[in-house]
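Here the structure is laid out as C-alpha cells; the discussion comes afterwards.
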Amino acid sequence: MKLVTKFAASLAALGLSFNVLAAELNVYASMPEKYASQVLEQFTKDTGIKVNFLRLSSGEVLSRLQAEKSNPQVDVLLGGPADYLEVAKNEGLTAPYKPKGSDFIPAEFKDPQNYWTGIGIMPLAFITNNNFLKKNNLKAPTSWQDFLKPEYKEGLILADARTSGTATERLFSLERVFGRQDSIDFQKKLHKNVQMYTKSGAWPALRVGDGLAAAAMVYLPDALDILQLGYPVTISYPKEGVTFGIEVVSLLKGAKHPKEAKEFLDWATSPKLAEFLIKNKIRYVPTRTDVKVDDPVLDLKNIRMLSVPLSEKGRLREQLTKDWIDQVLQAK
C-alpha cells in the first residue's frame, strides 16, 4: 500500500493523476448480501473499480431514495423486484440508460424507456420443512388453499409488505389468483396461521430450514439457497399459479460516479454476469437469451407463471400494501 501511495505521489508531482485509485462506485443492493458481495467482487476483479455497497430490502431502498432525492448517496441499484423501480422512476429518482448489449434481453424484462434492466427472473415459491410434513402426515403444498389447513396454525412465516419486495410479490400473486376483494378475504384467513412477518423476504426460508416454522412463501433463489445448504425442505408451487419478480439494475439520477455506474450496468447486463450466476449457483434465471440454462430446477416450464405488467405493479404496489395493512394486519 505504501508503494502505491508513493507511486501516486510521484504521478501527482509530475502533474498526472492515478485514475485507478479514483475509480469507485456506491451501490444499494437488494439482492441477498452473500450474492451481492460475490457479484460486486467479480465486477471489481473484471474492471478494477472499487465498490462500496449497503444491503437493504427493496422497501428500505425506496425509502432511502425518496429521503435522499436532493443528494443521492449511491450511484446504482443492484437487485430487488422491478416494481419498486417503477415507483422510483415515476418519482424521478432514477435516470435512463441503455446498457450495451441489452438487445439480447427481451422487452418484457426491461423498461421501455431504459430506466431499469432485468438481469434475472425469480418466481415466488413455497418452501416447507420436511420434518413438519412427516409429523403431520402432509404432502408438500400445491395450492394456496393448503396453507389454510389447521396443521399450519402459527406455522407460517411471511415477509412484511411494508419493507419487502417478496411480500409485495405475494400480494400481486394473490390479487391475480383470487381478485381484489377475495384476496383480502383469503389473507384474513391466512393471517390466523402466521407466526410472524419479517422485514426481509429471504429470512423466512432459513427459519423454515431450521424447523422454527412450517412453511414460507419466498422467491425461488432464496428457497434454492436453503435447499442447497442441506436443510430438510421441499420446494413446491401452487397450481393456481404465482407471479414473478425481475431482479434489476438501475442508474440513480444525480449519480456522483456516472462513468463507473454506466460501466457497471454494461457489465451487469452482459453475458459475463449471466454466466457468473450460473457457474456460482446463484439461482436466478438469466434474462439474456444468449446464455444457456441447463439446470432443471430453473426450468420455468414447470411453473404456472402469472404475468402482471410492470406498469400495473408499480400502480398496484401502494394500494395492495395499504389494503393488507388496514384490512389484514390491523383487522380486529
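Numbered according to mature numbering (1 follows the signal peptide of the UniProt record, and there is no 0), the sequence shown spans residues -22 to -1, 1 to 310. Backbone N, C-alpha and C fix where the C-beta goes; we use that ideal spot for every residue, glycine too. Fair warning: this is a prediction, and the values are worked out from it, not measured in the lab.
Under the three-state DSSP convention, the category residue i falls into
i	result
Glu225	strand
Ala60	helix
Thr106	strand
Leu(-2)	With a pLDDT of only 45 at Leu(-2), under 50, the local geometry of the prediction cannot be trusted, and the value read off the model is given with reservation. Of the three classes helix, strand and coil, the one that applies to Leu(-2) here is helix, per DSSP.
Ser121	coil
Lys28	strand
Gln305	helix
Ala192	coil
Thr146	helix
Asn4	strand
Tyr262	coil
Val54	strand
Arg295	helix
Lys88	strand
Rounded separation between residue i and residue j - CA only
i	j	result
Leu(-2)	Thr146	Unreliable placement is indicated for Leu(-2), whose pLDDT of 45 sits below 50; no coordinate value is reported for it.
Glu253	Val269	7 Å
Arg261	Leu55	19 Å
Pro10	Phe87	20 Å
Arg42	Ala118	38 Å
Lys300	Gly133	24 Å
Lys257	Pro264	12 Å
Leu190	Thr144	20 Å
Thr72	Ile83	20 Å
Asp24	Pro90	29 Å
Ser48	Val39	15 Å
Asn114	Ala137	24 Å
Gly219	Ile105	15 Å
Gly208	Asn107	12 Å
Gln51	Trp245	21 Å
Ala85	Leu288	11 Å
Leu230	Ala66	9 Å
Leu63	Tyr130	34 Å
Gly232	Thr141	25 Å
Gly57	Ser8	5 Å
Ala139	Val306	11 Å
Leu251	Arg33	19 Å
Glu2	Gly37	25 Å
Minimum C-alpha distance to residue i - residue among the options
i	options	result
Leu298	Ile105, Glu153, Ala1, Asp89	Glu153
Ile135	Ser178, Gly96, Phe150	Ser178
Asp124	Lys291, Tyr93, Asn171	Asn171
Trp302	Thr106, Lys234, Leu284, Ile162	Ile162
Asp81	Thr247, Arg140, Gly219, Asp188	Thr247
Ala111	Ala192, Arg148, Lys257	Sequence check: residue 111 is Leu here, not Ala. Answer by Cα proximity: Ala192.
Pro249	Glu238, Lys240, Arg266	Arg266
Thr120	Leu102, Asp160, Lys291, Lys113	Leu102
Gln308	Pro50, Gly57, Lys166	Lys166
Tyr93	Pro274, Val226, Val275, Lys291	Val226
Ala180	Lys12, Val52, Asn4	Lys12
Gly223	Tyr209, Leu230, Ile97	Ile97
Glu241	Asp53, Ala45, Glu38	Asp53
Asp273	Leu255, Glu290, Leu251, Gln305	Leu255
Ala60	Gly292, Val306, Gln305, Glu296	Gly292
Glu290	Thr95, Val17, Leu251, Leu149	Leu149
Leu284	Leu168, Gly70, Thr221	Thr221
Lys259	Asn4, Gln16, Val5	Gln16
Strand pairing of residue i, partner residues [DSSP]
i	result
Ala73	Leu229
Ala180	In DSSP, Ala180 forms no bridge with anything.
Thr212	Thr106
Met174	Ile135
Gly96	Val226
Arg33	Ala7
Lys234	For Lys234, which the question treats as bridged, DSSP gives no partner whatsoever.
Pro101	Phe222
Tyr130	BP columns for Tyr130 are empty, so no partner.
Tyr197	Leu102
Distance cut-off 7 Å: residue i Cβ against heavy atoms of the ligand SAM
i	result
Val196	Only the bare structure without any ligand can be found here, which leaves the ligand SAM out of the picture.
Cutoff 8 Å: residue i Cβ touching any chain D Cβ
i	result
Glu296	The structure shown contains no chain D; it holds only a single protein chain.
- Item | Contact the segment 188 to 207 vs the segment 16 to 32: 3+ CB pairs below 8 Å | no
- Tell me, please, whether the segment 211 to 225 touches the segment 268 to 285 by the rule of three or more beta-carbon pairs shorter than 8 Å. yes
- Item | Three-pair Cβ contact test at 8 Å for the segment 183 to 190 versus the segment 59 to 78 | no
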